[in-house]
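Asker: Okay, handing you the structure first.
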Amino acid sequence: MNDNYYKTKESVEEYIKLAKDVDGRQLIEKLNDYLPSNSLLLEIGSGPGTDFQILKKDYRVVGSDYSTEFLNRLISLNVKDEFLNLDAVTLRTDKKFDGIYSNKVLQHLIDEELKKSILRQVDLLNSNGIICHSFWKGEGDELFKGLLVNYQTDESLRILFENYFEILLLEEYNEFEDGDSLLLIGKKK
Numbered sequence: 001m002n003d004n005y006y007k008t009k010e011s012v013e014e015y016i017k018l019a020k021d022v023d024g025r026q027l028i029e030k031l032n033d034y035l036p037s038n039s040l041l042l043e044i045g046s047g048p049g050t051d052f053q054i055l056k057k058d059y060r061v062v063g064s065d066y067s068t069e070f071l072n073r074l075i076s077l078n079v080k081d082e083f084l085n086l087d088a089v090t091l092r093t094d095k096k097f098d099g100i101y102s103n104k105v106l107q108h109l110i111d112e113e114l115k116k117s118i119l120r121q122v123d124l125l126n127s128n129g130i131i132c133h134s135f136w137k138g139e140g141d142e143l144f145k146g147l148l149v150n151y152q153t154d155e156s157l158r159i160l161f162e163n164y165f166e167i168l169l170l171e172e173y174n175e176f177e178d179g180d181s182l183l184l185i186g187k188k189k
């Protein structure tokens, strides 16, 4: 896996151009049905900040990213907001949250790393905390621009999450093609 992709200014600018027309508005609208407004929410992998701006309208959001380039950009554009340098696996922070959100971020983890991330998310959530994560739907994995894309199915997500979260919503949605993505919303058990 190319851990350096999001670490250069050029790759961050390239990603921002690639993702300029993509946002998680439809995911966030679903999240709003389960997580009360003004809840404290951690966004894992804020990237260019597109979803962060939408989330801020309803929640007290703490953004995060593992890329220093993304973090520097986010902080310069959102000087009054809080951002953490977090790895999606270890999520090293002492803060507790009412919700955790990611949009196509956890797909960069192999299943063993994803299991560790899930356990850490359980620790970071207050009782009855809500998660909202999206994934590319499919089987197996591939490299895209040197980055791992670990596809998931309804069944694989249930196996990964259901011991720790009551699955409130698990559904297909369309990002670029019919049924190419999955949205999972769960409540901490």
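Numbering (full-length UniProt numbering), first residue to last: 1 to 189.
Ideal Cβ placement from N, Cα and C applies to all residues, glycine included.
All of these numbers come straight from a predicted model, not from anything done at the bench.
1. Determine the contact status of I130 and Y34, defining contact as a CB-CB distance below 7 Å.
2. Could you give the DSSP three-state label for I44: helix, strand or coil?
3. From the DSSP output, in three-state form, read off S134 for me.
4. Drop a sphere of 10 angstroms on the beta-carbon of L77, count the other beta-carbons inside from all chains shown, and report buried for 16 or more, exposed for fewer.
5. Pick from E142, V122, K115, Y101: whose alpha carbon is nearest that of S134?
6. Strictly by DSSP, which residues pair up with G99?
7. Name the DSSP bridge partner or partners of R60?
8. Does the beta-carbon of G63 have 16 or more other beta-carbons within 10 angstroms, so that it is buried, or is it exposed?
9. Thinking W136 and K104 are a contact (beta carbons under 8 Å), I'd like their distance in whole angstroms, please.
10. If you count every other CB in all the chains shown that lies within 10 Å of the CB of E43, and 16 or more means buried, which is it?
11. So the beta strand (DSSP E) E166 belongs to, where does it begin and stop?
12. Using a Cβ-Cβ cut-off of 6 Å (strictly less than) and excluding sequence neighbours within five positions of S39, which residues of its own chain qualify?
13. If distances are taken between C-alpha atoms only, which option among D180, L125, E112, L106 comes closest to L147?
14. Ignore the nearest five residues each way along the sequence and tell me which others in E82's own chain have a CB closer than 6 Å to its CB.
15. Could you tell me whether the Cβ atoms of N128 and K187 are closer together than 7 Å?
16. Going by the beta-carbon positions, is the gap between Y164 and I118 smaller than 7 Å?
Answerer: Looking at the atomic coordinates:
1. yes
2. coil
3. In the structure shown, S134 sits in a strand (DSSP, three-state: E or B).
4. Here L77 is exposed, its C-beta having fewer than 16 other C-beta atoms within 10 Å.
5. The shortest C-alpha to C-alpha distance from S134 to any of E142, V122, K115, Y101 is the one to Y101.
6. L41, I130
7. L40
8. buried
9. 7 Å
10. buried
11. DSSP places E166 in the uninterrupted beta strand (DSSP E) bounded by 165-173.
12. Y59, D98, G99
13. The residue from D180, L125, E112, L106 with its alpha-carbon nearest to that of L147 is L106.
14. V62
15. yes
16. Result yes, Cβ atoms of Y164 and I118 sit closer than 7 Å.
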